[in-house]
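Protein chains: 2
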Amino acid sequence: MPASTAASAEHTSRDKILDAAEALFAKRGYAAVGLRELAELVGLGKSSLFHHFRNKAQLYAAVTARILVSIEARLVRSLATGGDPVVRLERWLDDLIDLLTENPTYARVLLRSLFEDDDLPGDLPEEIEGHRAIADMMAAVGGLLREGMGAGLFRAVHVNHFLLTLVGIIVFPFASGEFGAEVLGKDLFDATEVRRRKREVRALLRSGLVASR
Amino acid sequence: MPASTAASAEHTSRDKILDAAEALFAKRGYAAVGLRELAELVGLGKSSLFHHFRNKAQLYAAVTARILVSIEARLVRSLATGGDPVVRLERWLDDLIDLLTENPTYARVLLRSLFEDDDLPGDLPEEIEGHRAIADMMAAVGGLLREGMGAGLFRAVHVNHFLLTLVGIIVFPFASGEFGAEVLGKDLFDATEVRRRKREVRALLRSGLVASR
DNA sequence: AGTGCAACCGACCGATCGGTCGGTCACCAT
DNA sequence: ATGGTGACCGACCGATCGGTCGGTTGCACT
């Protein structure tokens, strides 16, 4: 099965290119991926890549856009579901962790796109489609925090700083590769370790964010 | 003044190369940095780089080793100073934030070296000198956490997961570049924003880690 | 005066880079 | 049958990559 998000086991060449490119970009970053290598991995000639994507930059944009949009789609749905702010925030975090662990490439691509999309070769299409999606989602979570604070459920935090904190807590570990595994002594993507991580994040927020009754 | 750690305003060519390479590697990563560009930035011919470093990989290793060792040196000293675990942990976090903000390239180089040093071109010297230093420091902080838990000062946390959490909280924001600035609405490296970040991190740990008396 | 050496340079190398071009092939509509 | 088209390919291009080589300075030491 492909590393794709959902069920659609489409095996069109375009999707196979995107899947392979996603894995390579996640592991090594934009500049270190060669198109010959990618083509060979997919089982196509290098020229064929250009039949599906105008150039390398747009291929990269397509890869990240697919991921960012899929993240936003799933998590906005999660945020929109009912419950008080505590429940909704915890569900959001749970769903985000699920998403990142079900698709092990996501965290790295996401992190890379968050902190190194600036200064890529110049021919990127404006900004990567999907950055807006992520920004919107962050804004929604920010609103959730404010709502919880207003209701007296959360202690007073600086919302924007707390958003950065949340992203750092959730995304970094799943992108940290060998370092994370070394610190942890185990593979972070193991089911039991994922469960443990969820528990720890929840516990931290329960005591560190949720107002004591 | 150079982006170097401390006072030593040495202006040897070797140091200038390291400084410039540090900036470039931090901004764009290993693969995207060309040696011609680096040489021109320093004001040398490209061949001269090879007089000071055997090849690109070793130059990269020297850059990151310099940073990792300097981080470890300063923070181990910070950890060794007295005080109860709460005080020592907070001082460690403060000093780490100081270090990362005084040297804006550090967070990115550190993050990169944590999650993408795997699979670089093969001629790296074993492992990068300094990875051990960081691992040792993480172990020391782990011991600090355990000590605090044993003394009943900290609530019960999964130490290794908490270490990952701490790194994510501290390092990621200062490496997040444009994304962080967009979320925050301000430049994270501004003095007032740094102060705010310190305050927020402290507050999170006070309520989220320190046991409620 | 002469020797050695660190620092530096321009010219060059093979390899690889992203990207182009002309063409083949299978399939589908008319 | 025939024209069109989407998918694909090998050969090739200029540019750039990391790295080498031979040589020239200038300073230190004797």
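Heads up: the protein sequence lines correspond to chains A and B, in order.
Under our numbering, the first residue of the first sequence carries the number 85, and numbering increases by one thereafter.
Under our numbering, the first residue of the second sequence carries the number 85, and numbering increases by one thereafter.
From the three backbone atoms N, C-alpha and C, an ideal C-beta is built for every residue, glycine too.
In this text the structure is predicted, and so the values were computed from the model without any measurement.
Would you call the CB atoms of residue i and residue j closer than 7 Å?
| i | j | result |
| --- | --- | --- |
| threonine 148 (chain A) | valine 193 (chain A) | yes |
| threonine 189 (chain B) | alanine 110 (chain B) | yes |
| histidine 136 (chain A) | isoleucine 101 (chain A) | yes |
| histidine 242 (chain B) | glutamate 284 (chain A) | yes |
| phenylalanine 263 (chain A) | leucine 195 (chain B) | no |
| tyrosine 114 (chain A) | leucine 204 (chain A) | yes |
| leucine 293 (chain B) | phenylalanine 238 (chain B) | yes |
| leucine 122 (chain B) | alanine 105 (chain B) | yes |
| glycine 226 (chain A) | valine 153 (chain A) | no |
| leucine 248 (chain B) | proline 257 (chain A) | yes |
| valine 255 (chain B) | alanine 157 (chain B) | no |
| arginine 150 (chain B) | leucine 228 (chain B) | no |
Compute every distance between the C-beta of residue i and the non-hydrogen atoms of the ligand GDP, then say whether any falls below 6 Å.
| i | result |
| --- | --- |
| asparagine 187 (chain B) | With respect to small molecules bound, the structure shown includes none, and the ligand GDP cannot be examined in it. |
When you compare the CB of residue i with every CB in chain B, is at least one pair closer than 7 Å?
| i | result |
| --- | --- |
| isoleucine 253 (chain A) | yes |
| arginine 112 (chain A) | yes |
| proline 188 (chain A) | no |
| threonine 185 (chain A) | no |
| aspartate 256 (chain A) | The sequence shown places phenylalanine at residue 256 (chain A), not aspartate. With 7 Å as the cut-off, phenylalanine 256 (chain A) counts as an interface residue toward chain B. |
| leucine 268 (chain A) | yes |
| threonine 249 (chain A) | yes |
| asparagine 139 (chain A) | no |
| alanine 224 (chain A) | no |
| alanine 295 (chain A) | no |
Could you tell me whether any Cβ in chain A is nearer than 7 Å to the Cβ of residue i?
| i | result |
| --- | --- |
| proline 169 (chain B) | no |
| glycine 227 (chain B) | no |
| leucine 288 (chain B) | yes |
| methionine 221 (chain B) | no |
| glycine 166 (chain B) | no |
Assuming residue i is part of the alpha helix (DSSP H), what are its boundary residues?
| i | result |
| --- | --- |
| serine 291 (chain B) | 275 to 292 |
| histidine 135 (chain A) | 130 to 136 |
| serine 296 (chain B) | Run containing serine 296 (chain B): none; DSSP gives neither H nor E here. |
| glutamate 94 (chain A) | Looking at the DSSP string, glutamate 94 (chain A) is not in any alpha helix (DSSP H), and its letter there is neither H nor E. |
| arginine 216 (chain A) | 215 to 234 |
| valine 243 (chain A) | 243 to 259 |
| glutamate 186 (chain A) | 169 to 186 |
| leucine 204 (chain B) | Looking at the DSSP string, leucine 204 (chain B) is not in any alpha helix (DSSP H), and its letter there is neither H nor E. |
| leucine 237 (chain B) | First-last for leucine 237 (chain B): undefined, no H or E at that position. |
| valine 272 (chain A) | First, the amino acid is wrong: residue 272 (chain A) is leucine here, not valine. Looking at the DSSP string, leucine 272 (chain A) is not in any alpha helix (DSSP H), and its letter there is neither H nor E. |
Report the neighbours of residue i on chain A: residues whose CB is nearer than 7 Å to its CB, in chain order.
| i | result |
| --- | --- |
| glycine 58 (chain B) | Residue 58 (chain B) lies beyond the stretch modelled for chain B, which goes from 85 to 297, so this question has no answer here. |
| glycine 292 (chain B) | Leu288, Ser291 and Gly292 |
| arginine 216 (chain B) | Within 7 Å Cβ-Cβ: nothing; arginine 216 (chain B) doesn't reach chain A, min ~11 Å. |
| arginine 239 (chain B) | Ser291 |
Could you tell me which chain A residues have their CB closer than 9 Å to the CB of residue i, listed as they occur along the chain?
| i | result |
| --- | --- |
| alanine 246 (chain B) | It is worth fixing the name first, because residue 246 (chain B) is phenylalanine in this sequence and not alanine. Under the 9 Å cutoff, chain A gives Glu284 and Leu288. |
| glycine 127 (chain B) | Chain A residues near glycine 127 (chain B): none, gap ~22 Å exceeds 9 Å. |
Check the Cβ of residue i against every Cβ in chain B and list those closer than 7 Å, keeping chain order.
| i | result |
| --- | --- |
| alanine 116 (chain A) | Ala115 |
| arginine 280 (chain A) | His242 and His245 |
| glycine 234 (chain A) | The contacting residues do not exist; glycine 234 (chain A) stays about 18 Å from chain B at best. |
Within the stretch 101 to 157 of chain B, ranges of the alpha helix (DSSP H) (whole runs, at least 4 residues): Counting whole runs of 4 or more residues, the stretch 101 to 157 of chain B contains the alpha helix (DSSP H) stretches 119 to 126 and 130 to 136.
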